[in-house]
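Peer 1:
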Ligand code: G3D
Ligand code: MG
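In our numbering, the protein residues as written are 1 to 180.
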């Protein structure tokens, strides 16, 4: 009797980008989704999620990517934003140390609203601004460890460095988890 062989499976994951204003959340999202930097749509207006289809090995996954606008942090939409999220990129700006410090609050919000099992990756963005860099790698690594993030990655939405890698890493892990 012929048995149908399972060759691929598909998954849908809600992924959040959180962090202070102007760290590059929208830029990273657009770079990943459209491959572009500095588009006309940089302003985060609402909460319309972006959708991206990814193929990793034999698996396919659709990411529903939610990029929050800073000012929405305290309003009623927050519940909707966090609800059902499976993973989050906690983003800070490598040229502004206070944006890393502030991730403590964002992390607290995340856990409170999305649960403690949400997968986290710490992202230090604007890696291209080498001369302005003011966050030592060890500080970021220490924070990643403290919040139990799966990784710390330095990115540039401008050059594209490590942008795909960040989303791929998180998706690979999400698929792994979903299969368990
Ligand atoms: P946000 O969504 O987190 O608020 P944005 O941040 O994506 O709107 O980005 C804020 C500003 O930082 C934008 O500049 C954007 O172009 C810039 N930016 C984002 N990522 C990078 C990066 O990796 N490198 C550099 N050099 N700049 C980046 P403007 O001037 O449009 O306000
Ligand atoms: Mg934005």
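Positions of the beta carbon are idealized from the N, C-alpha and C atoms, including for glycine.
Quantities reported herein were computed from a predicted structural model and do not represent experimental measurements.
1) With hydrogens ignored, establish whether the beta-carbon of residue 23 is closer than 7 Å to any heavy atom of the ligand G3D.
2) Would you tell me roughly how many angstroms separate the C-alpha atoms of residue 4 and residue 141, rounded to the nearest one?
3) Residues in its own chain within less than 6 Å of residue 178 by CB, not counting five upstream and five downstream?
4) Do you know how far the Cα of residue 50 is from the Cα of residue 27?
5) Between the alpha carbons of residue 133 and residue 102, how many angstroms are there, rounded?
6) Residue 93: beta carbon under 7 Å from a heavy atom of the ligand MG?
7) What number of angstroms, rounded off, separates the C-alpha of residue 135 from the C-alpha of residue 126?
8) Who does residue 62 pair with in a DSSP beta bridge?
9) If you check the beta carbons only, do residue 110 and residue 77 fall under 8 Å apart?
10) So, are the CB atoms of residue 80 and residue 120 less than 8 Å apart?
11) Would you check whether the ligand G3D has a heavy atom nearer than 7 Å to the C-beta of residue 171?
12) Ends of the alpha helix (DSSP H) at residue 87?
13) Just the C-alpha distance for residue 116 and residue 144, rounded to the nearest angstrom, thanks.
14) Take residue 53 as the anchor and find which of 33, 66, 153 and 37 has the nearest alpha-carbon.
Peer 2: According to the structure data:
1) yes
2) For residue 4, the pLDDT reaches just 48, beneath the cut-off of 50, and the residue's location in the model is therefore unreliable, although a value from the coordinates is still provided. Straight-line Cα distance between these residues: approximately 46 Å.
3) 11
4) 12 Å
5) 17 Å
6) no
7) 11 Å
8) 12 and 53
9) For the 8 Å CB-CB criterion, residue 110 and residue 77 do not form a contact.
10) no
11) no
12) No alpha helix (DSSP H) contains residue 87, which is instead part of the beta strand (DSSP E) from 87–93.
13) 15 Å
14) 33
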